[in-house]
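Enquirer: Sharing a structure below in structure tokens format, with a few things to ask.
Residue numbers (my numbering): -1 to 396.
This is the structure in structure tokens:
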């Protein structure tokens, strides 16, 4: 693939667009904040001081590099070579800490003393609270009331780390609504507050900034895979997509490599056509959500359709603009996995490899049964988080 094709997929243009998706559709009250961030995040993150502290914290605090694990028993099941990128081994239990370390360092460089965040599964909230505790920053996390109930262990972690957890009680009381509340907070506190978005969604420059901080995942995969196989390139990279931060990180350094098949896995919920789903690429149309133009589930008159997924982190009615462009250009293939299929995949991994995955990651694992592999294929599944937070849900099906 020619190098200029990389620009199409991994880098937005100067206005924050990936193809036809992206941009910054924001209230006037937030213009100064977004513009300040846009003008400075690349300058800040490219300085020697930032890089040194970011790399050191990823290594000594987050525990990177995470392992690239050859799943021998899973490989035998599918008669191919399956590797798991073990983001579940990160401090806080998921990939989310890669981004929160980066954004907190940016916020400090901008002179911000208060951090707000939204969270669905709770992993982004925990990661935000963790880094805020490390740096002595005030932390407020917005979380849907429904998610607070089903992700109780993570709520307890956030509170123990000193964060204030505020429930979102409107709409579906899930991630979308938590994001709405966080944006309202930022409008009311524009001077001292930085909003850490946890996924590759929101107004430019957030999708680009989050993707760059998460790109450490695919950077490590290339190095680790070369040591194990003699090649930097897998045949497939599979990752779940809600907003899409873990997938953006796992795909990033393979976007210009046409030989690498990128498989994005969405949540079909109870079934794509049941009215209880979060399969955005199958059900969505182009629209504006949370500050960017992308694909989202909406009615004909533009009202957001409430999503459903057994996994709180995939319970979102849209996808990030980078992923919308990957879908539109067919650079990535998108697969929808039901709640039941994800549960089966989670129990299968637990019993065959001794690893309990997050429900989000279980969707990516379930995609293995939907694909046809050759014996010599090298398949990397991004295991984006561990399943501790989902034990209450898993227990219902034991």
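Even for Gly, the Cβ is constructed at its ideal location relative to N, Cα and C.
Would you check if the distance between the CB atom of residue 107 and the CB atom of residue 38 is smaller than 9 angstroms?
Expert: Residue 107 sits at position 109 when you count from the first residue of the chain shown. Residue 38 sits at position 40 when you count from the first residue of the chain shown. The answer is yes: Cβ separation under 9 angstroms.
Enquirer: Can you list, in chain order, the residues of its chain with a C-beta nearer than 6 angstroms to that of residue 81? Leave out the 5 residues immediately preceding and following it.
Expert: Along the chain shown, read from residue 1 onward, the residue named residue 81 stands at position 83. Here the set comprises 66, 68, 378.
Enquirer: Leaving out the 5 sequence neighbours to the left and right, which residues in its chain are closer than 6 angstroms to residue 213 when beta-carbon positions are compared?
Expert: On the chain shown, position 215 is the one that residue 213 refers to. 247, 250.
Enquirer: Could you check where the beta strand (DSSP E) with residue 44 kicks off and where it finishes?
Expert: Locating residue 44 in the chain shown gives position 46, where the first residue counts as 1. Here residue 44 belongs to no beta strand (DSSP E), and DSSP marks it neither H nor E.
Enquirer: Taking a contact to mean a Cβ-Cβ separation below 9 angstroms, would you say residue 152 touches residue 128 in this structure?
Expert: Along the chain shown, one-based indexing puts residue 152 at 154. Along the chain shown, one-based indexing puts residue 128 at 130. Cβ distance not < 9 angstroms, so residue 152 and residue 128 don't count as in contact.
Enquirer: What residues in its chain sit with their C-beta under 6 angstroms from that of residue 168, if we drop five residues either side in the sequence?
Expert: Looking up residue 168 in the chain shown gives position 170. Cβ neighbours of residue 168 beyond the five flanking positions: 175.
Enquirer: Since residue 97 contacts residue 211 with CB under 8 angstroms, what's their CB separation in whole angstroms?
Expert: Position 99 of the chain shown, counted from the start, is the residue given in the question as residue 97. Position 213 of the chain shown, counted from the start, is the residue given in the question as residue 211. With a Cβ gap of about 4 angstroms, residue 97 and residue 211 count as contacting.
Enquirer: For the beta strand (DSSP E) that contains residue 191, what are its first and last residues?
Expert: One-based indexing of the chain shown puts residue 191 at position 193. Segment 191 to 194, the beta strand (DSSP E) holding residue 191.
Enquirer: Only counting the same chain, and skipping five residues up and downstream in sequence, which positions put a Cβ closer than 8 angstroms to that of residue 160?
Expert: Along the chain shown, read from residue 1 onward, the residue named residue 160 stands at position 162. Excluding residues within five positions, the ones whose Cβ falls inside 8 angstroms are 127, 130, 131, 137.
Enquirer: Across the stretch 260 to 279 and the stretch 214 to 233, are there enough close Cβ pairs to call them in contact, namely three or more that are closer than 8 angstroms?
Expert: no
Enquirer: Find out if the Cβ-Cβ distance for the pair residue 303, residue 287 is shorter than 9 angstroms.
Expert: Along the chain shown, read from residue 1 onward, the residue named residue 303 stands at position 305. Along the chain shown, read from residue 1 onward, the residue named residue 287 stands at position 289. Not a contact, by the Cβ cut-off of 9 angstroms.
Enquirer: If you draw a straight line from the alpha carbon of residue 55 to that of residue 103, how long is it in whole angstroms?
Expert: For the purposes of this step, residue 55 is identified with residue 57 of the chain shown, where counting begins at 1. For the purposes of this step, residue 103 is identified with residue 105 of the chain shown, where counting begins at 1. The alpha-carbon atoms of residue 55 and residue 103 are separated by roughly 10 angstroms.
Enquirer: Measuring CA to CA, which of 61, 100, 21 is closest to residue 40?
Expert: Taking the chain shown and counting its residues from 1, one reaches residue 40 at position 42. Looking at the Cα atoms, 100 is the closest of the given residues.
Enquirer: How many angstroms separate the CA atom of residue 2 from the CA atom of residue 238?
Expert: Translated into positions along the chain shown, residue 2 becomes position 4. Translated into positions along the chain shown, residue 238 becomes position 240. Caution is warranted here: a pLDDT of 43 is assigned to residue 2, below 50, making its placement in the model unreliable, and no coordinate value can be reported.
Enquirer: Restricting to Cα atoms, I'd like to know which of 224, 202, 364 is closest to residue 266.
Expert: For this step, residue 266 is matched to residue 268 along the chain shown. Out of 224, 202, 364, 364 has the C-alpha closest to the C-alpha of residue 266.
Enquirer: Three or more C-beta pairs closer than 8 angstroms, one from the stretch 380 to 387 and one from the stretch 353 to 368: is that the case here?
Expert: yes
Enquirer: Between the C-alpha atoms of residue 271 and residue 331, what's the straight-line distance to the nearest angstrom?
Expert: On the chain shown, residue 271 is found 273 positions in, with the first residue counted as 1. On the chain shown, residue 331 is found 333 positions in, with the first residue counted as 1. A straight-line Cα-Cα distance of about 20 angstroms links residue 271 and residue 331.
Enquirer: Which one of 219, 220, 195 has the shortest CA to CA distance from residue 208?
Expert: To locate residue 208, count along the chain shown from 1; it is residue 210. Residue 195 is the option with its Cα nearest to residue 208.
Enquirer: When DSSP labels each residue in this structure, what does residue 88 get in the three-state scheme?
Expert: Locating residue 88 in the chain shown gives position 90, counting from the first residue. The answer is coil: DSSP assigns residue 88 none of H, G, I, E or B.
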